[in-house]
Amino acid sequence: MIKKASQPNGLVKYTRGHKRALGEGLSMPWKQPIKSFMTILTLAICFFIPLFLWTIWLNYDELKESWQQQGSIAVFLEGKMDLKEAGIFMQEIKEMPLVDTAVLTDSNQVKKSLFEDAQFSQVMDLIQAQDFPKQISVKVKSDTAVELVDDFVNNLTINPQVEYVSYDKQWLTQLEAITQTLLQMARISALMFLLIVMVILGNTIANEITDHKSELRLLELIGASDAQTRRSFLYMGVVLGTIAALLSLLFLSVSFYWLEDTVASLVQNFGMNITLHGLNVAQVLSVLIAAILVTWIAARLSLSSQQLNQI
Amino acid sequence: MISFKRVSKSYGKDNKALRDVSFEVEAGEMLFLTGHSGAGKTTILRLLMMMQPISYGQLCVNGKDINTIKTKDIHKYRLNIGMIFQDHRLLDNKTVLENVALPLQIRGYSDSYSFKSARAALQQVSIGEKAEFYPQELSSGQQQRVGIARAFVAKPSLILADEPTGNLDPDLSLELMQIFEELNKQGMTIIIASHDLFLIKRLQKRVLVLDKGELIDDFNPQPNPYAP
Chain A
1305 MIKKASQPNG
1315 LVKYTRGHKR
1325 ALGEGLSMPW
1335 KQPIKSFMTI
1345 LTLAICFFIP
1355 LFLWTIWLNY
1365 DELKESWQQQ
1375 GSIAVFLEGK
1385 MDLKEAGIFM
1395 QEIKEMPLVD
1405 TAVLTDSNQV
1415 KKSLFEDAQF
1425 SQVMDLIQAQ
1435 DFPKQISVKV
1445 KSDTAVELVD
1455 DFVNNLTINP
1465 QVEYVSYDKQ
1475 WLTQLEAITQ
1485 TLLQMARISA
1495 LMFLLIVMVI
1505 LGNTIANEIT
1515 DHKSELRLLE
1525 LIGASDAQTR
1535 RSFLYMGVVL
1545 GTIAALLSLL
1555 FLSVSFYWLE
1565 DTVASLVQNF
1575 GMNITLHGLN
1585 VAQVLSVLIA
1595 AILVTWIAAR
1605 LSLSSQQLNQ
1615 I
Chain B
1069 MISFKRVSKS
1079 YGKDNKALRD
1089 VSFEVEAGEM
1099 LFLTGHSGAG
1109 KTTILRLLMM
1119 MQPISYGQLC
1129 VNGKDINTIK
1139 TKDIHKYRLN
1149 IGMIFQDHRL
1159 LDNKTVLENV
1169 ALPLQIRGYS
1179 DSYSFKSARA
1189 ALQQVSIGEK
1199 AEFYPQELSS
1209 GQQQRVGIAR
1219 AFVAKPSLIL
1229 ADEPTGNLDP
1239 DLSLELMQIF
1249 EELNKQGMTI
1259 IIASHDLFLI
1269 KRLQKRVLVL
1279 DKGELIDDFN
1289 PQPNPYAP
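In structure tokens:
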């Protein structure tokens, strides 16, 4: 006769329950490997598309900074201003909240750079007798709205120390419009594909529940709670989601490998030196955590809709 | 321990499975529910298991009206009951030992304790040597023994058996009944739904007779002085 053990406390019961459910959740997909593989593949594609757009977005940020150089503001200073005064003025500009960088260039450097320019060098002989003003090249922070940049330029224009402000408003407006469009596209597609992930996982779990209906009913009758009957399905969902996330990261590496040469030659044609970057370790971990969360929520929602342990 | 007070159960408007049934069962008692098919035996067990709500009346178990138990707490109530089904309801993907250990694992006991207790329960129903087999490798009688072991392994206070000998020959049926008697001696309350009058007569326990949902008799058979 076995001596009856004392009733385990809540924490012990909870831990043992999760340990068993994890084991069952891990083993469930292998019972129907082809079906599970198809589900994982579909989930991986659903994860891949927003992931790809996000990574492109991260690369685009670098590209945008490079493009923004072309839209930087050139502040030409009054001719009487000496170099010390110009330096102080540059420092004032630099400390403004929307300014990212401000660089002072004296008249000789301006002249030299124009001589070095392939197009301008031809006309420089005609105008070299002219005095060139000192110049401050200002780059505003990349997330600054065009209206704020506009105000900033207007304030500079009316400043008595400034002779002229050159600023390509149209370029900045276009850049911001492109940025916003890309961002919205990425957000919408991410939302849509996450919705698809929820539907697919929900369907997979509903099928599993149908397959295990009699088993679940029995567990209910011998005293298993809703949480106990759900756990293994939750773990199964998370297992499928995690494998799918890993697969989508693999897809991302492969697609970036294929794109590398094409993108490199494209940006070279635009005179830029930008390489396509994949994700770093922190970003990969964020993707995995996000995938686990999404699949857990999807599995939880699906299981809530199943009437387990009801009279 | 159990008190049925004018309990009725209807399925739809005209289908009354139980009509105004009242009876009481003391703790540690063993009794039979008998009657023809559709008499209401299984309905009584289903109501006790809270698989269905009662339509009218009051059903108390251990002094508590089970109608007041919230849906989320039904599983706690069921932990005090061991159920035996006519169709055994064993999980085919688990071994006999794993099937019997399930109620203990659900209660949060360790695997080692659960398996040790499950082995002891299987020994008690004389099927210890089949512990590592899968249910489909066993005969119907052996499967029913496994079902019985699963029902009492966690030592519930109440065991409900729905036609446990339904598919078995008389000798095997009697053997199973002896197991129930043994469990009853250990203090468990046992309610068995059966239409096997021969068996009921042999065991000489309290009998509730149902007919078309009504309780028509409640008696204790007297021992036959001329029986061999």
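Protein chains in written order, with the working numbering: chain A, 1305 to 1615; chain B, 1069 to 1296.
Where a beta carbon is used, it is the ideal one built from N, C-alpha and C, also for glycine.
task: Take the Cβ of residue 1287 (chain B) as the centre, count every other Cβ of all protein chains shown within 10 Å, and call the residue buried at 16 or more, exposed below.
output: exposed
message: Quick check: is any heavy atom of the ligand ATP less than 7 angstroms from the C-beta of residue 1417 (chain A)?
response: Looking at this structure, you won't find the ligand ATP or any other ligand, since it has none at all.
task: Report yes or no: do three or more beta-carbon pairs, one from the region 1336-1344 of chain A and one from the region 1540-1558 of chain A, lie closer than 8 angstroms?
output: yes
field: Distance, residue 1595 (chain A) Cα to residue 1605 (chain A) Cα
entry: 15 angstroms
message: So, does the region 1229-1246 of chain B touch the region 1196-1216 of chain B, judging by three or more C-beta pairs under 8 angstroms?
response: yes
message: Taking the alpha carbon of residue 1110 (chain B) as the reference point, which residue from B:1268, B:1270, B:1179 and B:1262 has its own alpha carbon closest?
response: B:1262
message: Assuming residue 1469 (chain A) and residue 1602 (chain A) are in contact, meaning their beta carbons sit under 8 angstroms apart, how far apart are those beta carbons, in whole angstroms?
response: Actually they are not in contact, since the Cβ atoms of residue 1469 (chain A) and residue 1602 (chain A) sit about 53 angstroms apart, beyond 8 angstroms.
Under 7 angstroms by beta carbon: chain B residues contacting residue 1312 (chain A): 1176 and 1177
field: Residue from B:1084, B:1234, B:1098 and B:1150 whose Cα sits closest to the Cα of residue 1273 (chain B)
entry: B:1098
- prompt: So what does residue 1128 (chain B) bridge to, in DSSP terms?
  reply: B:1071 and B:1133
field: Delimiting residues of the alpha helix (DSSP H) encompassing residue 1538 (chain A)
entry: 1530-1573
- request: Can you tell me the Cβ-Cβ gap for residue 1150 (chain B) and residue 1220 (chain B), rounded? I've got them flagged as a contact below 8 angstroms.
  value: 5 angstroms
- request: Show which residues of chain B have a CB atom less than 8 angstroms away from the CB atom of residue 1604 (chain A).
  value: Within chain B, no residue comes near residue 1604 (chain A); the closest Cβ sits about 16 angstroms away, beyond 8 angstroms.
- prompt: Taking 8 angstroms as the CB-CB cut-off, is residue 1532 (chain A) touching chain B?
  reply: yes
query: Leaving out five residues before and five after residue 1615 (chain A) in sequence, what residues of the same chain have Cβ atoms less than 8 angstroms from its Cβ?
result: Note that residue 1615 (chain A) scores a pLDDT of 42, beneath 50, so its modelled location is shaky and nothing firm can be said.
message: Contact criterion: CB-CB distance below 8 angstroms. Does residue 1256 (chain B) meet it with respect to chain A?
response: no
message: Can you find the residues in the same chain that come closer than 6 angstroms, C-beta to C-beta, to residue 1107 (chain B), ignoring five residues on each side of it along the sequence?
response: 1278 and 1279
query: Ordered along the chain, which non-local residues of its own chain (more than five positions away) have a Cβ less than 6 angstroms from that of residue 1376 (chain A)?
result: 1441 and 1443
task: Could you tell me which chain D residues have their CB closer than 7 angstroms to the CB of residue 1181 (chain B), listed as they occur along the chain?
output: The chain inventory of the structure shown lacks chain D, comprising the protein chains A and B.
message: I need the boundaries of the alpha helix (DSSP H) containing residue 1450 (chain A), first residue and last residue.
response: 1450-1461
field: chain B contact residues for residue 1317 (chain A), given Cβ-Cβ distances below 8 angstroms
entry: 1175 and 1176
- prompt: Can you list, in chain order, the residues of its chain whose CB lies under 8 angstroms from that of residue 1074 (chain B), leaving out five sequence neighbours each side?
  reply: 1088, 1089, 1090, 1124, 1125 and 1126
- request: Indicate whether at least one CB of chain A lies closer than 8 angstroms to the CB of residue 1171 (chain B).
  value: yes
task: Could you tell me which uninterrupted alpha helix (DSSP H) segments, each at least 4 residues in length, are contained entirely in the region 1216-1285 of chain B, listed from first to last along the chain?
output: 1238-1253 and 1265-1271
task: Anything in the region 1206-1231 of chain B with a Cβ closer than 7 angstroms to a Cβ of chain A? List those residues in chain order, please.
output: 1223
message: According to DSSP, simplified to helix, strand and coil, what is residue 1472 (chain A)?
response: coil
Contact list for residue 1159 (chain B) against chain A, beta-carbon separation under 8 angstroms: 1519 and 1522
query: Using a C-beta cutoff of 8 angstroms, does residue 1147 (chain B) count as contacting chain A?
result: yes
task: Scan the region 1113-1128 of chain B for residues whose Cβ lies nearer than 8 angstroms to a Cβ of chain A and list them as they occur along the chain.
output: 1117, 1118, 1119, 1120 and 1121
- request: Measure the C-alpha to C-alpha separation of residue 1249 (chain B) and residue 1204 (chain B) and round it to an integer number of angstroms.
  value: 27 angstroms
message: Measuring only the C-alpha atoms, how far is residue 1589 (chain A) from residue 1583 (chain A)?
response: 10 angstroms
- prompt: Which residues, taken in chain order from the region 1562-1591 of chain A, show a beta carbon closer than 8 angstroms to some beta carbon of chain B?
  reply: none
field: Proximal residues to residue 1161 (chain B) (C-beta, below 6 angstroms), its chain only, five neighbours per side dropped
entry: none
query: Three-state secondary structure (DSSP) at residue 1312 (chain A)?
result: coil
message: Just to confirm before moving on: does the CB-CB distance between residue 1122 (chain B) and residue 1081 (chain B) stay below 8 angstroms?
response: no
query: What distance in whole Å lies between the Cβ atoms of residue 1505 (chain A) and residue 1599 (chain A), which are believed to be in contact at a cut-off of 8 angstroms?
result: 6 angstroms
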